[in-house]
Amino acid sequence: MKKALLVMAASAGLAAGFVLGALQAAGPLLYWPVARLGAGAGDGPAVSPVSLPAAGDQVLGFRLATGDLIPGGGDEIAVGVTLAGGGVVAVFRRQGDVWVEAARMDGFAAIDGLEVRSATGAGWELFIYDEHDELTGAFYLRRGLTILKWRAGAFVPVWAGTLYEEAYSLDPPMAERIVSAAEVNAGRGELVVRGLHTRARREADGAYRDVEEAPLSGRWRWDDGLFRFVAVPGG
0 MKKALLVMAA SAGLAAGFVL GALQAAGPLL YWPVARLGAG AGDGPAVSPV SLPAAGDQVL
60 GFRLATGDLI PGGGDEIAVG VTLAGGGVVA VFRRQGDVWV EAARMDGFAA IDGLEVRSAT
120 GAGWELFIYD EHDELTGAFY LRRGLTILKW RAGAFVPVWA GTLYEEAYSL DPPMAERIVS
180 AAEVNAGRGE LVVRGLHTRA RREADGAYRD VEEAPLSGRW RWDDGLFRFV AVPGG
């Protein structure tokens, strides 16, 4: 487990020692899986006490990303934690030799990925990928993307959409499958979505055969006054 966390930290573009120092903590922060890496890691900046997740919550996984999300203070650390009840994302910023929680966002499904990218062309945004999986119960799976940007002391959503959606009929069960899959290209103040929507029926051998398909497309441009991406008609 410890080796896996170190590899993940390195893949996020951080030196392992920086992560260990930045997220080294005691008390309530021991609930963070990343905080457990701090044990025996030596001296380093301490994180101010927080209680995310709360005591008793079951941590199922986490993701890390770093970048200049809050202008004027250098790089921040974004941590996405998947709990038994859903996903939570917190952003930590440095104040002197202390890392403090600058923002916390919840209401997500399982956190599937975090990225720091520039979609607006004006600074950097936090891309949060989450996944809601009920294929074993309600026969439904969805993977979404939410883009957050810092404004006036908080992160606000500037765009949200579905990247993948898979659903099956309930009556008769599993007789029909509907899949929507799309890719998002973002940059220089524009978002472009392209994908495909398909409907399939299950045949006697259990395989699904496509009976209908339609392209998915959309285009959005950044509006600085509205502080969000606005759909382009006919895009």
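According to numbering that gives the first Met the number 0, the sequence shown holds residues 0 to 234 in order.
The C-beta atom is built at its ideal place from N, Cα and C for all residues, glycine as well.
Query: Own chain partners of Glu-133 with C-beta closer than 6 Å, once the 5 adjacent residues on each side are dropped; Result: Tyr-139
Query: Whole-Å CB distance - Ala-89 paired with Leu-125, under 8 Å assumed; Result: With a Cβ gap of about 11 Å, Ala-89 and Leu-125 do not count as contacting.
Query: Short Cβ contact (8 Å threshold) for Ala-109 with Glu-130; Result: yes
Query: Pairwise C-alpha distance: Leu-63 and Tyr-167; Result: 33 Å
Query: Anticipated Cβ contact below 8 Å, Leu-162 with Val-183, distance rounded; Result: 7 Å
Query: Cβ separation of Gly-122 and Pro-156, assumed to be a contact under 8 Å, to the nearest whole Å; Result: Not a contact, Cβ separation roughly 15 Å.
Query: Classification of Ala-38 by the beta-carbon crowding that lies within 10 angstroms, buried from 16 upward; Result: In this predicted model, Ala-38 has a pLDDT of only 29, less than 50, meaning its place in the structure is not dependable; the value taken from the coordinates is given anyway. It is exposed - the Cβ of Ala-38 has fewer than 16 other Cβ atoms within 10 Å.
Query: Distance between Gln-57 and Gly-152 (C-alpha atoms, nearest Å); Result: 30 Å
Query: Chain-order list of residues whose beta-carbon lies under 7 Å from that of Gly-112 (same chain, five-residue window excluded); Result: Arg-62, Tyr-128
Query: Three-state secondary structure assigned by DSSP to Gln-94; Result: strand
Query: Tyr-190 classed as buried or exposed, judged by whether at least 16 other C-beta atoms fall within 10 angstroms; Result: According to the sequence as given, residue 190 is Leu; it is not Tyr. By the 10 Å Cβ count, Leu-190 comes out buried.
Query: Local Cβ density within 10 Å of Glu-211, reported as buried at 16 or more and exposed below that; Result: exposed
Query: Glu-75 burial status per 10 Å Cβ neighbour count (16 or more: buried); Result: buried
Query: Nearest candidate by alpha-carbon position, reference Gly-72, set Thr-135, Trp-98, Gly-85, Leu-195; Result: Trp-98
Query: Residue range of the beta strand (DSSP E) that includes Thr-161; Result: 153-169
Query: Whole-number beta carbon distance between Arg-198 and Ala-181, since they are thought to touch under 8 Å; Result: Incorrect: roughly 16 Å between the Cβ atoms, too far for contact.
Query: Asp-222 vs Val-229 beta-carbon contact at 8 Å; Result: yes
Query: Status (buried if at least 16 other CB within 10 Å, exposed otherwise) for Leu-36; Result: Residue placement at Leu-36 is flagged as unreliable, the pLDDT there being 29, under the threshold of 50; the coordinate-derived value follows with that caveat. Flag for Leu-36 reads buried.
Query: Same chain, Cβ closer than 6 Å to Arg-187, neighbours up to 5 away in sequence not counted; Result: Gly-120
Query: Beta-carbon proximity list for Gly-224, same chain, < 6 Å, skipping 5 on both sides; Result: none
Query: Straight-line Cα distance separating Gly-143 from His-196; Result: 16 Å
Query: Option in Lys-148, Ala-83, Ala-206 with minimal Cα separation from Arg-103; Result: Lys-148
Query: Three-state secondary structure (DSSP) of Val-78; Result: strand
Query: Whole-angstrom distance between Glu-175 and Ala-213, CA atom to CA atom; Result: 16 Å
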